[in-house]
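Reading through the structure tokens given below for one structure.
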Amino acid sequence: MSFENYYRDSIAEIDLTAIAYNIQQLKEHLKQGTEVCAVVKADAYGHGDVQVARAALKAGAKSLAVALLDEALKLRNAGIKAPILVMGWTRPKDAVVAAEYNIALTVFQKEWLMEAANLSFKETLKFHLKIDTGMGRLGVRSIDEMEEILAVLRKDPKFKLEALFTHFATADEEDRGYFDKQQTRWNEMFSYFKRNWAEDIEVHTSNSATSMQVPERMDHFVRYGISMYGLYPSSYVKKRKPIDLKPAFSLTSRLVHIKKMNAGESISYGAVYKTETEEWIGTIPLGYADGWIRKMQGMDVLIDGKRHPIVGRICMDQFMIRLDQEYPIGTKVTLIGKQGDQEISADDVAEHLDTINYEIPCMISQRVPRVFQEGGRTVEVRNSLL
17 MSFENYYRDS IAEIDLTAIA YNIQQLKEHL KQGTEVCAVV KADAYGHGDV
67 QVARAALKAG AKSLAVALLD EALKLRNAGI KAPILVMGWT RPKDAVVAAE
117 YNIALTVFQK EWLMEAANLS FKETLKFHLK IDTGMGRLGV RSIDEMEEIL
167 AVLRKDPKFK LEALFTHFAT ADEEDRGYFD KQQTRWNEMF SYFKRNWAED
217 IEVHTSNSAT SMQVPERMDH FVRYGISMYG LYPSSYVKKR KPIDLKPAFS
267 LTSRLVHIKK MNAGESISYG AVYKTETEEW IGTIPLGYAD GWIRKMQGMD
317 VLIDGKRHPI VGRICMDQFM IRLDQEYPIG TKVTLIGKQG DQEISADDVA
367 EHLDTINYEI PCMISQRVPR VFQEGGRTVE VRNSLL
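Heads up: the sequence shown runs through residues 17 to 402, numbered per my numbering.
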């Protein structure tokens, strides 16, 4: 299959086969009967939301989770019919839209429910009740708060409570102290809920880290985020490697210019890099407008299976590297991924930037086309500029 809808050589390749593999690896690790909810918020962590959602559902995921109602609507408009949960805050006035498109919302405020109750609904509005057991982000923090919400839900037939959930803040760490503290809070809140709510509902408390670290949890499903994309949630989990993962994201470009420069010549803005000897310098057509930010200066890229350092400041659209020899124009450059027996991983990039691997694919901008691979062949290209 041939695609002609992108016109640059800097691309992000997304291996949908790896997405499927990572889902299967987790499913084999979980307690029997626990399902997978594929988290595809933030454009599927920069990988491509619609494409990853379809691949995840095909691989056995039963539902999807996003952060914003807009993200959920995009999936619905793409024809995806699986259950979708919006995990973030949605404006009360938009609840009617969520109900119309059969999208479940997260609830944790009595005032929100009372405002939404004044709207005119044609369809039932589904909710997941968020419990804040120690993340300090969203959710009810006390039994009193929970009871206020349950009281509203009990008397309004247009509202349907589907699930109860929480989020563990330190499940990816070796020290289990805070995790156990959150677990105690969850048990207290959940026990009260079971005594005071007549209907059966689902429970989901496990993210990637929790599902790998504590697979025996009695969740109906787990929210599979970062590790669905082939990245471990922390260095500790990566060291333990409870399941095998395959990274789905790679970033490549090509040499567009090379030149031999004499000793003492400057490269890029500010002239912060000067050649010490006669050097071959190559130019790569990708820069901070593409998400390859200026702090990447000094990081390596791969050419011919060898590492070559970025020299000089990264520009908006280009950056320069020091080569070990002359290479032809058009030679492939790997920024994230494998080349020969060498690899530059998202973890390597994150370490260079003093951040976490979650941020790396997310920061590659929509100016970079996503090329989707399945079984070693291109099945779709998404170019957000066309």
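Heads up, the beta-carbon is just placed ideally off N, CA and C, and yes, glycines get one too.
*Kindly indicate which three-state DSSP category Glu139 falls into: helix, strand or coil?*
Of the three classes helix, strand and coil, the one that applies to Glu139 here is coil, per DSSP.
_One question on the structure: do Ala225 and Pro249 come within less than 8 angstroms of each other, judged by their Cβ atoms?_
With a cutoff of 8 angstroms on beta-carbon distance, Ala225 and Pro249 are scored as near each other.
*asked:* Can you tell me whether Pro385 is buried or exposed? The criterion is at least 16 other CB atoms within 10 Å of its CB, across all chains shown.
replied: Buried, because 16 or more other Cβ atoms sit within 10 Å of the Cβ of Pro385.
*How should Pro173 be labelled, buried or exposed, when 16 other C-beta atoms within 10 angstroms of its C-beta is the threshold for buried?*
That one is exposed.
*asked:* I believe Gly303 touches Cys331 by the beta-carbon criterion, under 8 angstroms. Please report the beta-carbon distance rounded to the nearest angstrom.
replied: Rounded, the Cβ-Cβ distance is 5 angstroms, consistent with contact.
*If you check the beta carbons only, do Thr293 and Gln334 fall under 8 angstroms apart?*
Result no, Cβ atoms of Thr293 and Gln334 do not sit closer than 8 angstroms.
*asked:* Please report the straight-line C-alpha distance between Tyr194 and Leu271, rounded to a whole angstrom.
replied: Answer to the nearest angstrom: the Cα atoms are 49 angstroms apart.
*Answer yes if the segment 322-329 comes into contact with the segment 367-387, meaning at least three C-beta pairs across the two stretches below 8 angstroms, and no otherwise.*
The answer is no - the segment 322-329 does not touch the segment 367-387, with fewer than three Cβ pairs under 8 angstroms.
*asked:* Please identify the residue among Arg24, Ala28, Tyr22, Tyr23 whose C-alpha is closest to the C-alpha of Met379.
replied: Ranking Arg24, Ala28, Tyr22, Tyr23 by Cα distance to Met379 puts Ala28 first.
*Can you say whether Pro344 is buried or exposed, counting buried as having 16 or more other CB atoms within 10 angstroms of its CB?*
Classification of Pro344: exposed, given that the 10 Å Cβ count is below 16.
_the segment 153-161 contacting the segment 132-142, beta-carbon criterion three pairs below 8 angstroms_ = The answer is no - the segment 132-142 does not touch the segment 153-161, with fewer than three Cβ pairs under 8 angstroms.
*Is Ser18 buried or exposed, if buried means 16 or more other CB atoms sit within 10 Å of its CB?*
Here the model assigns Ser18 a pLDDT of 47, short of 50, so the residue's position is not dependable and the matter cannot be decided.
*According to the neighbour-count rule (16 or more other Cβ atoms, all chains shown, within 10 Å of its Cβ), is His63 buried or exposed?*
Buried, because 16 or more other Cβ atoms sit within 10 Å of the Cβ of His63.
*Using 8 angstroms as the Cβ pair cut-off and three pairs as the minimum, do the segment 72-89 and the segment 380-400 touch?*
Judged by pairs of C-beta atoms under 8 angstroms, the segment 72-89 does not touch the segment 380-400, as fewer than three such pairs exist.
*Helix, strand or coil at Cys53 according to DSSP, with G and I counted as helix*: The DSSP-derived three-state label of Cys53 is strand.
*Write down the C-beta distance between Tyr374 and Tyr61 rounded to the nearest angstrom, noting that I regard them as a contact closer than 8 angstroms.*
Contact annotation, Tyr374 with Tyr61: C-beta distance approximately 7 angstroms; criterion of less than 8 angstroms satisfied.
*Ser18 (DSSP reduced to helix, strand or coil)*: For Ser18, the predicted structure reports a pLDDT of 47, less than 50, and the residue's modelled location is therefore unreliable. A value from the coordinates is still provided. In the three-state scheme derived from DSSP, where H, G and I count as helix and E and B as strand, Ser18 is classed as coil.
*For Leu73, the first and last residue of its enclosing alpha helix (DSSP H)*: Residues 65-74.
*Per-residue burial, Arg398 [other beta carbons within 10 Å of its own, 16 or more giving buried]*: The residue in question, Arg398, is buried, as its Cβ has 16 or more Cβ neighbours within 10 Å.
*Under 8 angstroms between the Cβ atoms of Gly231 and Lys47?*
The identity of residue 231 in the sequence shown is Pro, whereas the question assumes Gly. Between Pro231 and Lys47, the gap from beta carbon to beta carbon is short of 8 angstroms.
*asked:* So, for Val327: in the same chain, excluding its five sequence neighbours on each side, which residues have a beta-carbon less than 6 angstroms away from its beta-carbon?
replied: Short of 6 angstroms from the beta carbon of Val327, and not among the five residues preceding or following it, lie these beta carbons of its own chain, in chain order: Ile283, Tyr289, Met336, Arg338.
*Which ranges would you report for the beta strand (DSSP E) in the segment 100-185 if only whole runs of at least 3 residues count?*
Complete beta strand (DSSP E) runs here, min 3: 100-102, 119-123, 141-146, 175-181.
*Per DSSP, what kind of secondary structure is Glu367 in: helix, strand or coil?*
In the structure shown, Glu367 adopts helical secondary structure according to DSSP, grouped into three states.
*What's the gap between the Cα of Met315 and the Cα of Asp364?*
Roughly 9 angstroms separates the two Cα atoms.
_Simplified DSSP state of Asn399, which is helix, strand or coil_ = In this structure, Asn399 counts as coil in the three-state DSSP scheme.
*Along the chain, which unbroken stretches of the beta strand (DSSP E) at least 3 residues long are found entirely within the segment 216-288?*
Fully enclosed beta strand (DSSP E) runs of 3 or longer: 218-220, 237-240, 265-270, 273-277.
*Return the chain-ordered list of same chain residues with a C-beta closer than 6 angstroms to the C-beta of Ala58, the five sequence neighbours on each side being excluded.*
Only Cys378 meet the Cβ criterion.
*Measuring alpha carbon to alpha carbon, tell me which of Glu359, Glu342, Gly286 ends up nearest Leu318.*
For Leu318, the nearest C-alpha among the options comes from Glu359.
*Tell me where the beta strand (DSSP E) around Asp31 begins and ends.*
Counting along the chain, the beta strand (DSSP E) containing Asp31 begins and ends at 27-31.
*Could you give the residue range of the alpha helix (DSSP H) that holds Ala88?*
It spans 85-93 - the alpha helix (DSSP H) in which Ala88 sits, taken as one unbroken run.
*What's the C-alpha gap between Gly49 and His236?*
Spanning the alpha carbons of Gly49 and His236 requires a straight line of approximately 7 angstroms.
*Under the three-state DSSP convention, the category Arg211 falls into*: Note: Arg211 maps to helix in three-state DSSP.
*Paired residues, beta bridge with Trp296 - DSSP*: Looking at the DSSP assignment, Trp296 forms a beta bridge with Lys276, Leu339.
*Have a look at Gly95, Ala115, Val349 and flag the residue whose alpha-carbon is nearest the alpha-carbon of Ser266.*
Considering only alpha carbons, the answer is Val349.
*Return the chain-ordered list of same chain residues with a C-beta closer than 7 angstroms to the C-beta of Gln382, the five sequence neighbours on each side being excluded.*
Hits under 7 angstroms: Ser400.
*Backbone CA spacing between Glu131 and Pro108 [nearest angstrom]*: Glu131 and Pro108: Cα-Cα distance of roughly 6 angstroms.
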